[in-house]
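Asker:
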Amino acid sequence: MISVADARERLATLYQRKLAAWSVRPFDASSPLALGLKPPTDRKAAADMPAVAAWLKQWSAVAVDGLQIDWEQRRWPNTGTQSIPVRLSAQSPPALARFLNRGKEWELYRARALRLQSLAPRDSGARDVFDRALARIIGKAAALPHQDFERVFHVLAWLAAHPDSGLYPRQLPVQGIDSKWLERHADIVRTLHVATGGDPGLGLLAPAKLYRVRFLDPRLAPAGMGELMASPDTLSRLDLSARTVLIVENLQTLLSLPELPGVVALHGGGYDVRWCAPIPWVAAANLLYWGDLDLDGLAILASLRSVRPDARSVMMDPSTLQRFAQLAVPHAKGLTRAAPSGLQPKEVEAYKLLRAQGGLRFEQERIPWDHALATLRTELGR
Numbered sequence: 005m006i007s008v009a010d011a012r013e014r015l016a017t018l019y020q021r022k023l024a025a026w027s028v029r030p031f032d033a034s035s036p037l038a039l040g041l042k043p044p045t046d047r048k049a050a051a052d053m054p055a056v057a058a059w060l061k062q063w064s065a066v067a068v069d070g071l072q073i074d075w076e077q078r079r080w081p082n083t084g085t086q087s088i089p090v091r092l093s094a095q096s097p098p099a100l101a102r103f104l105n106r107g108k109e110w111e112l113y114r115a116r117a118l119r120l121q122s123l124a125p126r127d128s129g130a131r132d133v134f135d136r137a138l139a140r141i142i143g144k145a146a147a148l149p150h151q152d153f154e155r156v157f158h159v160l161a162w163l164a165a166h167p168d169s170g171l172y173p174r175q176l177p178v179q180g181i182d183s184k185w186l187e188r189h190a191d192i193v194r195t196l197h198v199a200t201g202g203d204p205g206l207g208l209l210a211p212a213k214l215y216r217v218r219f220l221d222p223r224l225a226p227a228g229m230g231e232l233m234a235s236p237d238t239l240s241r242l243d244l245s246a247r248t249v250l251i252v253e254n255l256q257t258l259l260s261l262p263e264l265p266g267v268v269a270l271h272g273g274g275y276d277v278r279w280c281a282p283i284p285w286v287a288a289a290n291l292l293y294w295g296d297l298d299l300d301g302l303a304i305l306a307s308l309r310s311v312r313p314d315a316r317s318v319m320m321d322p323s324t325l326q327r328f329a330q331l332a333v334p335h336a337k338g339l340t341r342a343a344p345s346g347l348q349p350k351e352v353e354a355y356k357l358l359r360a361q362g363g364l365r366f367e368q369e370r371i372p373w374d375h376a377l378a379t380l381r382t383e384l385g386r
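Numbering (this note's numbering), first residue to last: 5 to 386.
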C-alpha cells in the first residue's frame with residue numbers, strides 16, 4: 005500500500021526533475037500523470053484491518069483540485085465489499101504542485117516562463133528551440149528577485165529590438181543595469197538571446213583584451229618604450245624584426261627578465277596563449293615557450309603547438325623536474341587526462357613523470373634564477 009506520504013515523496017522526486025520542462029510546456033488532462041497506489045489484497049486486509057482502515061481514511065481525506073483518485077469496488081471473501089483507491093492522477097502540473105504543497109513555487113515558475121515566452125519567435129521550429137533553451141535556464145530565472153527578473157526581461161526585449169547596437173554594456177539604455185549586472189546574469193540573457201537567433205556577443209562591444217609585452221632588446225623598443233600593454237590588433241601594426249619571441253606563462257617571470265639581444269618577451273595568458281600567433285612579427289620569429297612544469301603548463305604548450313608546431317620549450321623537461329623536485333608542490337588537477345598531442349618525446353616523458361608522482365606543480369618562478377637565466381641564454385643561442 006502506498007500511503008499519502010509515500011506518494012508525495014515519490015512524486016516530489018519526479019516533480020523536481022520535470023519542473024523546468026513542465027513550466028515551459030505543461031502536460032494536461034489528455035496525458036495525466038498517474039501513480040498506482042498498490043491496494044491491499046483480501047489476505048492483507050484480513051491480517052491487518054486497522055492498518056488498511058487507516059490507509060483508506062488517509063486517501064479519503066485527500067481533496068485537491070485537479071487531482072483525481074480512482075476508486076474501485078472490491079469484494080473480499082473475508083471482509084466484504086470495499087471501495088478501494090487504486091490510482092492517483094494529476095491532471096496538470098499545478099494540481100500535482102498543490103498536492104506536494106509547492107503551489108506557490110509552480111505559480112512563480114510558470115508565470116516567469118510565460119513572460120519570457122512572450123519574447124519567443126513566432127515560427128514553430130524557432131519556438132521549439134527557444135523553449136528548450138528556456139527550460140535550461142528557467143530555474144535560474146525563477147530564483148531571481150522580482151526586480152532582477154524584470155531587468156532580464158527588459159534587456160532581452162531591448163536586445164531583440166537592437167540586435168547589432170554596437171554599444172558597450174554600460175551604454176545599454178535599460179534602467180538598473182551596468183556591466184557588472186550583465187556579467188552576473190549573462191547566462192540567462194545570452195542563452196535566450198541566442199535562442200531567438202541573436203549573436204552570442206549580444207551585438208555589444210567588449211573592451212579589447214590587452215597583453216603585456218617587454219622589449220628585451222632596447223633596439224627593438226618602439227619609441228624607446230621598454231614595455232607596454234596592447235591589444236593583438238595594435239601589436240600587429242608594430243614593425244619589428246625580433247629574432248626570438250619568448251612567451252612566458254607567469255607575469256613575475258616576464259617582469260624579471262633582463263636585456264636579451266634580439267628578444268621580445270610576451271605574457272602568454274595561460275590557455276589563451278594562441279592569441280599571439282597571427283601577429284606578423286611573431287609569426288616571422290623563432291618562438292620559445294617557458295611555462296610552469298605541470299600538467300597545465302604542458303597542455304598550454306601543446307595548445308600553442310597547434311598553431312605554431314615549430315615552437316620550442318625550455319625548462320619543461322624531466323631533467324629540470326628531477327633536479328629541482330624538492331621545490332615542487334602537490335597538485336593533482338588533471339591526473340585523469342592523457343598527454344595531449346603536440347608534445348615532443350621529452351615533454352611527454354615529463355608529463356608521465358608528473359602523473360606518476362600523483363601530480364606536482366613546479367612553477368617557473370621556483371627555478372633558481374641563476375640556473376634559469378643560464379639555461380635560457382643557452383637555448384636562445386641555439
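Every residue gets a Cβ at the ideal spot worked out from N, C-alpha and C, and that includes glycine.
1. What residues are listed by DSSP as bridge partners for LEU297?
2. Considering just the uninterrupted stretch of the beta strand (DSSP E) at ILE251, what are its terminal residues?
3. Which residue or residues does DSSP assign as beta-bridge partners of SER93?
4. Do VAL286 and VAL249 have their C-beta atoms within less than 8 Å of each other?
5. Counting along the chain, where does the beta strand (DSSP E) carrying PHE219 start and finish?
6. Alpha carbon to alpha carbon, what distance is there between VAL133 and ARG21?
7. Have a look at the DSSP bridge pairing and note the partners of GLY338.
8. Is MET5 buried or exposed, if buried means 16 or more other CB atoms sit within 10 Å of its CB?
9. Could you say which of ARG12, GLY40 and HIS158 lies nearest to ARG106 if we only look at CA atoms?
10. Just mark MET320 as buried or exposed, buried being the case when its beta carbon has 16 or more other beta carbons within 10 Å.
11. Would LEU258 pass as a contact of ALA269 if the rule is Cβ separation under 8 Å?
12. Please tell me whether LEU261 has its Cβ less than 8 Å away from any Cβ of chain B.
13. Tell me, please, whether the region 35 to 45 touches the region 118 to 125 by the rule of three or more beta-carbon pairs shorter than 8 Å.
14. Which of the three DSSP states, helix, strand or coil, is assigned to LEU291?
15. Taking the continuous beta strand (DSSP E) assigned at MET233, which residues delimit it?
16. At a cut-off of 7 Å, is LEU347 close to the ligand FMN when judged by its beta-carbon and the heavy atoms of the ligand?
17. With C-beta atoms as the reference, is GLY346 less than 8 Å away from ARG386?
18. Taking the runs of the alpha helix (DSSP H) that are 4 residues or longer, which of them lie wholly in the region 145 to 190?
Answerer: On the basis of the coordinates in this document:
1. PHE366
2. 248 to 252
3. ALA38 and GLN72
4. yes
5. 215 to 219
6. 20 Å
7. In the DSSP output, where bridge partners are listed per residue, GLY338 has none listed.
8. buried
9. ARG12
10. buried
11. yes
12. The structure shown contains no chain B; it is built from a single protein chain.
13. no
14. strand
15. 231 to 234
16. Among the components of this structure there are no ligands whatsoever, and the ligand FMN is therefore not found.
17. no
18. 150 to 165 and 183 to 188
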